[in-house]
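A.B. asks: Sequence lines, in order, name chains S and Z. The opening position of the first sequence corresponds to residue 98 in this note's numbering, with each subsequent residue numbered one higher. The opening position of the second sequence corresponds to residue 98 in this note's numbering, with each subsequent residue numbered one higher. Ideal Cβ positions, reconstructed from N, Cα and C, are used throughout, including at glycine.
Protein chains: 2
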Amino acid sequence: MLFSSASITVLAPATVANVVCGFDVLGFALHEPNDVMKLRLIEQPGVVLINDDEFNLPTEPTQNVAGAALLAMLHAIPEPLGVEVRIRKAIRPGSGIGSSAASAAGAVAGLNYLLGNHFSKPELVQFAMYGEEVASGVRHADNIAPAIYGGVTLIRATTPTPDIVALDAPPLFVTVVHPQIEIKTSDARKILKQEVPLRDAIRQWANVGGLVAGLLQHDYALIGRSLEDVIVEPVRSILIPGFQDVKEGSRIAGALGGGISGSGPSLFMLSQDEATARAVENVMHATYQRLGLDYLTYLTTINPVGCQVLVDEN
Amino acid sequence: MLFSSASITVLAPATVANVVCGFDVLGFALHEPNDVMKLRLIEQPGVVLINDDEFNLPTEPTQNVAGAALLAMLHAIPEPLGVEVRIRKAIRPGSGIGSSAASAAGAVAGLNYLLGNHFSKPELVQFAMYGEEVASGVRHADNIAPAIYGGVTLIRATTPTPDIVALDAPPLFVTVVHPQIEIKTSDARKILKQEVPLRDAIRQWANVGGLVAGLLQHDYALIGRSLEDVIVEPVRSILIPGFQDVKEGSRIAGALGGGISGSGPSLFMLSQDEATARAVENVMHATYQRLGLDYLTYLTTINPVGCQVLVDEN
């Protein structure tokens, strides 16, 4: 194994999981916002975490998303190694755009660079999933996979090992709105029905097939027609004020479609061009100003590379 | 509209529907077997059917799959028109490889040629679906779509109009075995559970996404991993003696995977090369000879064009 003595900076991107019909299986990475993480190897074995932001996340490694992911990774290495991580989060915890995944994915992508890229992407996904377990109790890869691979990813399976398919999507503009309300992932899971009508399930997998085909064939109209969720959205959208107004207004403004990002509260809309994405942002502004809710918006594009490692000048 | 006075011959192909995880949405056309249909326009308005085989199918147009499809098509034309159809079926009714769909699709593809290709493929699918209604009581497009479009098709939706996506698949060899037992489509439908666990549904749509991606990316290994059905096969395979032996033996022989064709009793297996497809055929021979069941096998490839119209020499 090649150890690097460099200090590096990782840009760990926000991600959208549960892409409409692709609940639990489809996700993509965003160009903005990014967490910024600085990593370097240190003499003392273990993980040292330093927060460089206002979120007061735990610095005890086993309680911290990045820490737990790094400990899993260190555990897979025979040598006793130490790593220091300084984290400046820009992706707000609880926003539904993969805040915890960014911390976990950025940490393992960074450490992997310092180890001479010893581990493969599927292995990095597995390590980072330990971080997700700290955040939500579930070792899921929905946001981890696009954060590690970039672009649009399909998680075909997570066991025995993650089977992740990178989908070569056409350029897409993404408008995200984060209404400042709290939805816990665990609560959002609880309200899902554990049995679904076969009829709805068939319609959902027809749309998943259509969405994957639309992405790979760069067929924007097919992408738009396939952005339909008959299973999760009807239940979860009730938790998000303004959902119907944003969705309908965005379609009228020309968006291909969209829905809940992750388990919410953020909503995302996909557009073929920037002007439409901006019109969608205006729909979001109008909706939440009318409702009197604080909110943030992002107008960005799909990030094809995922976590990006920059070597610091010493 | 351009009317042709020619007599034409249509080769209407067998098709595989319910492709493993793609229950109700994925199908493909085969090079063999084909029904052979001869069509010509006649003076007297309406449909005249002539059987040229041993199956004794009804010749009253409203009771006949091809007849019902043609009547639906004639109904969409302002002029009173007549068409004569002579049908020599090679695809056995009840085999599960789209016998009724071949009749319906072949009939409308043939008449459309005689009408100067007046109708689009989605329109032909809609007309042919009236034929399927005669056969099974359900106006489904699972076999019709690949018979009309050729290749591998995804039916993203059937209402308000069929939304059919042609998938550019890599070369695939298909081995089919038709054990000579009877399974009625209506019975096969009845034993399905109308509610499915969300967990299984998610796994199924992950596999549908994987299969569509594997086909479009020409990734044989991904196709193989995605050929998994956790919802329908566990229930329906019980109706088909030899199912597990064929499936497991075929995988051991090198097949990518496969399952029940349509609602059975035929089984199909996909292979990357002809030698493997032949080894799979030997597994099928061995299985049904051991069970003492009569059976037929076909070793063929995916037919990229669907129904083929040949103009007869006069």
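Where does Z/R296 fall in DSSP's three states?
C.D. replies: As a first step, residue 296 of chain Z must be located in the second sequence, where it is residue number 199. Z/R296 falls in the helix class under three-state DSSP.
A.B. asks: Less than 8 Å between the CB atoms is what I'm expecting for Z/D260 and S/R322, so what's the real figure, rounded?
C.D. replies: Start at 1 with the first residue of the second sequence, and residue 260 of chain Z comes out as number 163. Start at 1 with the first residue of the first sequence, and residue 322 of chain S comes out as number 225. Contact holds; Cβ gap of about 6 Å.
A.B. asks: With DSSP as the reference, label S/T112 as helix, strand or coil.
C.D. replies: Working through the first sequence from its first residue, we reach residue 112 of chain S at position 15. If DSSP states are grouped into helix, strand and coil, S/T112 belongs with the strands.
A.B. asks: Using a Cβ cut-off of 9 Å, which residues of the segment 119–130 of chain S contact any Cβ in chain Z, in chain order?
C.D. replies: Correct list: G119, F120, D121, V122, L123.
A.B. asks: Counting C-beta neighbours from all protein chains within 10 Å, is the total for S/N214 16 or more, i.e. buried, or is it exposed?
C.D. replies: Stepping through the first sequence from its first residue, residue 214 of chain S is reached at position 117. Under this definition S/N214 is an exposed residue.
A.B. asks: Quick check: what's the CA-CA separation for S/R236 versus S/M170?
C.D. replies: Along the first sequence, one-based indexing puts residue 236 of chain S at 139. Along the first sequence, one-based indexing puts residue 170 of chain S at 73. The alpha-carbon atoms of S/R236 and S/M170 are separated by roughly 15 Å.
A.B. asks: Going by the DSSP bridge assignment, what does S/Q405 pair with across the sheet?
C.D. replies: Against the first sequence, residue 405 of chain S aligns to sequence position 308. For S/Q405, which the question treats as bridged, DSSP gives the partners S/L108.
A.B. asks: Could you tell me which uninterrupted beta strand (DSSP E) segments, each at least 3 residues in length, are contained entirely in the segment 116–190 of chain S, listed from first to last along the chain?
C.D. replies: The segment 116–190 of chain S contains these whole beta strand (DSSP E) runs: 119–139, 143–148, 179–185.
A.B. asks: Does any C-beta atom of chain Z lie closer than 9 Å to the C-beta of S/A238?
C.D. replies: Taking the first residue of the first sequence as position 1, residue 238 of chain S is located at position 141. Taking Cβ atoms only, chain Z never reaches closer than 9 Å to S/A238, which makes this a no.
A.B. asks: Along chain S, which residues have their Cβ under 7 Å away from the Cβ of Z/P294?
C.D. replies: Residue 294 of chain Z sits at position 197 when you count from the first residue of the second sequence. In chain order: Q291, E292.
A.B. asks: Count Cβ pairs between the segment 177–194 of chain Z and the segment 218–231 of chain Z that sit closer than 8 Å; are there 3 or more?
C.D. replies: Because the criterion of three Cβ pairs below 8 Å is not met, the segment 177–194 of chain Z and the segment 218–231 of chain Z do not touch.
A.B. asks: Decide yes or no for the touch test of the segment 356–373 of chain Z against the segment 382–391 of chain S: beta carbon pairs closer than 8 Å, at least 3 of them.
C.D. replies: No, the segment 356–373 of chain Z is not in contact with the segment 382–391 of chain S.
A.B. asks: With DSSP as the reference, label Z/S368 as helix, strand or coil.
C.D. replies: In the second sequence, residue 368 of chain Z corresponds to position 271, counting from 1. The answer is strand: DSSP assigns Z/S368 an E or B state.
A.B. asks: Could you tell me the distance, in whole angstroms, from the CA atom of Z/I335 to the CA atom of Z/G355?
C.D. replies: Against the second sequence, residue 335 of chain Z aligns to sequence position 238. Against the second sequence, residue 355 of chain Z aligns to sequence position 258. Each residue's Cα considered, the two are about 16 Å apart.
A.B. asks: Apart from the five residues just before and just after Z/E330, which ones in its own chain have a Cβ nearer than 6 Å to its Cβ?
C.D. replies: Numbered from 1 along the second sequence, position 233 holds the residue referred to as residue 330 of chain Z. Once the five neighbours on either side are set aside, the close Cβ partners of Z/E330 are G356.
A.B. asks: Does the distance from the C-beta atom of S/L313 to that of S/A266 stay below 9 Å?
C.D. replies: Here the question's residue 313 of chain S lines up with position 216 in the first sequence. Here the question's residue 266 of chain S lines up with position 169 in the first sequence. Yes.
A.B. asks: Can you find at least 3 beta carbon pairs, one from the segment 102–117 of chain Z and one from the segment 239–250 of chain Z, that sit closer than 8 Å?
C.D. replies: Yes, the segment 102–117 of chain Z is in contact with the segment 239–250 of chain Z.
A.B. asks: Measuring only the C-alpha atoms, how far is S/T256 from S/P219?
C.D. replies: Numbered from 1 along the first sequence, position 159 holds the residue referred to as residue 256 of chain S. Numbered from 1 along the first sequence, position 122 holds the residue referred to as residue 219 of chain S. Answer to the nearest angstrom: the Cα atoms are 11 Å apart.
A.B. asks: Z/I288 and Z/R333 look like a contact to me (Cβ under 8 Å); what is the Cβ gap, rounded to whole Å?
C.D. replies: On the second sequence, position 191 is the one that residue 288 of chain Z refers to. On the second sequence, position 236 is the one that residue 333 of chain Z refers to. Z/I288 to Z/R333, Cβ: 7 Å. Contact.
A.B. asks: Should Z/Q403 and Z/G247 be called a contact, given that it needs their Cβ atoms to be closer than 9 Å?
C.D. replies: Counting from 1 along the second sequence, the entry for residue 403 of chain Z is found at position 306. Counting from 1 along the second sequence, the entry for residue 247 of chain Z is found at position 150. The amino acid at residue 403 of chain Z is misidentified as Gln; the sequence shows Gly. For Z/G403 and Z/G247, yes; Cβs fall inside 9 Å.
A.B. asks: Distance cutoff 9 Å, beta carbons only. Does S/L146 sit that close to anything in chain Z?
C.D. replies: To locate residue 146 of chain S, count along the first sequence from 1; it is residue 49. By this cut-off, S/L146 is not an interface position.
A.B. asks: Using beta-carbon positions only, say whether Z/T106 and Z/K135 come within less than 9 Å of one another.
C.D. replies: Along the second sequence, read from residue 1 onward, the residue named residue 106 of chain Z stands at position 9. Along the second sequence, read from residue 1 onward, the residue named residue 135 of chain Z stands at position 38. Yes, the Cβ-Cβ distance between Z/T106 and Z/K135 is below 9 Å.
A.B. asks: Does any CB atom of chain Z fall closer than 9 Å to the CB of S/G307?
C.D. replies: Indexing the first sequence from 1 puts residue 307 of chain S at position 210. Yes, because at least one Cβ of chain Z sits closer than 9 Å to the Cβ of S/G307.
A.B. asks: Please state whether the Cβ-Cβ distance between Z/I147 and Z/I184 is less than 9 Å.
C.D. replies: Indexing the second sequence from 1 puts residue 147 of chain Z at position 50. Indexing the second sequence from 1 puts residue 184 of chain Z at position 87. Yes. Within cutoff.
A.B. asks: What would DSSP say about S/P219, mapped onto helix, strand or coil?
C.D. replies: Position 122 of the first sequence, counting from 1, holds the residue named residue 219 of chain S. Correct three-state label for S/P219: helix.
A.B. asks: Does DSSP classify Z/H382 as helix, strand or coil?
C.D. replies: Stepping through the second sequence from its first residue, residue 382 of chain Z is reached at position 285. Helix.
A.B. asks: Against S/S323, what residues of chain Z qualify as contacts under a CB-to-CB distance less than 8 Å, listed in chain order?
C.D. replies: Counted from its first residue, the first sequence places residue 323 of chain S at position 226. By Cβ distance, chain Z contributes R253.
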